[in-house]
Amino acid sequence: YQHGTLAMLMGKQMQGTASVAELLEHGDTGIGTFEGLNGEGIILDGKVYQALSNGQVVQVTDQNVLLPFVSVHFDEPTQTLPFSEVDFGTLSEKLEQSQLRNIFAAIKFHGNFSHVHTRVVAKQTVPFPSLLDVSKNQPEFHRDDVAGTLVGYFAPEIFNGPTAAGWHVHFLSDDKKFAGHVLDFSATEVDGTLQLFDDFIQHLPIENADFRDMLLDLDGLSSGIKASEGRKE
21 YQHGTLAMLM GKQMQGTASV AELLEHGDTG IGTFEGLNGE GIILDGKVYQ
71 ALSNGQVVQV TDQNVLLPFV SVHFDEPTQT LPFSEVDFGT LSEKLEQSQL
121 RNIFAAIKFH GNFSHVHTRV VAKQTVPFPS LLDVSKNQPE FHRDDVAGTL
171 VGYFAPEIFN GPTAAGWHVH FLSDDKKFAG HVLDFSATEV DGTLQLFDDF
221 IQHLPIENAD FRDMLLDLDG LSSGIKASEG RKE
């Protein structure tokens, strides 16, 4: 279940349009961002955590907090991960047997991470810039030898725009002091699962006037999303 679209963020629509309470009705696990891109969201076991651009991590207990873009699901694993060590560059290769190319999947695993490289977008104010502009100046963080959980999604290329095609994953350390959108990682003692989906529920904020009035420049949307996600062409 996804509320909002990544294309909306590219189109300068960063206002919160769904509450934490609403989203938890549709899942107990997921990732997203908060109103004004105020940090990175990680949802595990029905608890919502917010990684802030100053490097801090807080648990969000206010059910009225708003988000513009978030994906959630109920954690009902399809299979156990067939590897004990992995990095970002080999993640898809190690899951090739699952034939992820044309389906949605969620990954969640705990491990010992020799290195994690994250970014956390800073809070934006009205008038909002585009996500691409924001991504050009975003705080990045590095942590070595940290235990934690990686969670996120794989989406088919054809859905690039509504969401981010390929992998979009976030990290939360066991001590809840380090988190963010993952740009790179390397992990051992991996223990986790993959969940395959045969449907994708897209929810749009149709009662929001700014969203209804939004005009998207589709030229360069794909390359803009890759750049904002921290990927190379």
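The numbering of the sequence shown is the numbering used here, which starts it at 21 and goes up by one. Yeah, the Cβ is synthetic: ideal placement off N, Cα and C, and Gly gets one too.
{"Asked": "Element boundaries [beta strand (DSSP E), containing S206]", "Found": "199-217"}
{"Asked": "Close Cβ partners of P176 (< 6 angstroms) along its chain, the five nearest in sequence each way excluded", "Found": "N122"}
{"Asked": "Three or more C-beta pairs below 8 angstroms linking the segment 154-170 and the segment 41-54", "Found": "no"}
{"Asked": "Whole-angstrom distance between H135 and D165, CA atom to CA atom", "Found": "6 angstroms"}
{"Asked": "Under 8 angstroms between C-beta atoms of A184 and S193", "Found": "no"}
{"Asked": "Whole-Å CB distance - F54 paired with Q70, under 8 angstroms assumed", "Found": "6 angstroms"}
{"Asked": "Unbroken stretches of the beta strand (DSSP E), 3 residues or longer, contained in the segment 32-108", "Found": "49-53, 60-64, 67-71, 77-80, 89-93, 105-107"}
{"Asked": "Whole-number beta carbon distance between H137 and F205, since they are thought to touch under 8 angstroms", "Found": "7 angstroms"}
{"Asked": "Proximity of A38 and L87 at Cβ, strictly below 8 angstroms", "Found": "yes"}
{"Asked": "Beta-carbon proximity list for L152, same chain, < 7 angstroms, skipping 5 on both sides", "Found": "M30, G244, A247, S248"}
{"Asked": "Inter-residue spacing [alpha-carbon to alpha-carbon] between K252 and L43", "Found": "Low confidence applies here, because K252 scores a pLDDT of 44, under 50, leaving its location unreliable and the question unanswered by this model."}
{"Asked": "Whole-Å CB distance - G56 paired with R139, under 8 angstroms assumed", "Found": "G56 to R139, Cβ: 16 angstroms. No contact."}
{"Asked": "Simplified DSSP state of S150, which is helix, strand or coil", "Found": "coil"}
{"Asked": "Distance, D218 Cα to L120 Cα", "Found": "12 angstroms"}
{"Asked": "Where E253 sits in the DSSP three-state scheme", "Found": "Its pLDDT being 40, under 50, E253 is placed unreliably by the model, and nothing is read from it."}
{"Asked": "Coil, strand or helix - G244 by DSSP", "Found": "helix"}
{"Asked": "Sheet register partners of Y173 (DSSP bridge)", "Found": "A126, H188"}
{"Asked": "Neighbourhood of V106 by C-beta, 7 angstroms cutoff - its chain only, sequence neighbours within 5 removed", "Found": "K114, A207, V210"}
{"Asked": "Short Cβ contact (8 angstroms threshold) for S118 with L214", "Found": "yes"}
{"Asked": "K67 versus T100, V92, Q99, residue with shortest Cα-Cα distance", "Found": "V92"}
{"Asked": "L235 versus Q33 - alpha carbon distance", "Found": "10 angstroms"}
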